[in-house]
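In what follows, a single structure is set out as structure tokens and then discussed.
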Amino acid sequence: MIRIIIISACMAFFMFSCNTIPEETRVLAVSDTDAVLVISTPKAKCQNCQKIIEGGLDKVLGVKQSLLNLHTQEVSIVYDPEATTPELLKEKVATLKGQTPCQ
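So in my numbering, spot 59 of the sequence shown is number 960, and the numbers just go up one at a time.
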């Protein structure tokens, strides 16, 4: 009986954590020398997905800012085009999407 309660509680936690989407109020800061790349992330549905994708992109050389909008399911990346390429960023996002909990 306790086992069923624990399993039910865990399932409820994961269901609600992937269905709660806060309003996006952050904005991109783009300078004249920056480039912006927008990539679709249709399976990103929760704040955990957001943390994984944004956190991973923030570690990429040349990335100045990344914002994953859970409502539009798109990640916007501000980057230095002299330090990285759109192809490298697309590969990184593809890798990070595989690490998100909402598959």
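Positions of the beta carbon are idealized from the N, C-alpha and C atoms, including for glycine.
Work out the CA separation of residue j and residue i for me, nearest whole Å.
i: residue 1002; j: residue 935; result: 31 Å
i: residue 957; j: residue 992; result: 12 Å
Would you call the CB atoms of residue i and residue j closer than 8 Å?
i: residue 954; j: residue 928; result: no
i: residue 945; j: residue 974; result: yes
i: residue 985; j: residue 964; result: yes
i: residue 972; j: residue 922; result: yes
Could you give the first and the last residue of the continuous beta strand (DSSP E) run that contains residue i?
i: residue 988; result: Careful: residue 988 lies outside any beta strand (DSSP E), inside the alpha helix (DSSP H) at 987–998.
i: residue 954; result: Element bounds for residue 954: not the beta strand (DSSP E) but the alpha helix (DSSP H), 948–959.
i: residue 965; result: 964–970
i: residue 975; result: 975–980
i: residue 936; result: 936–941
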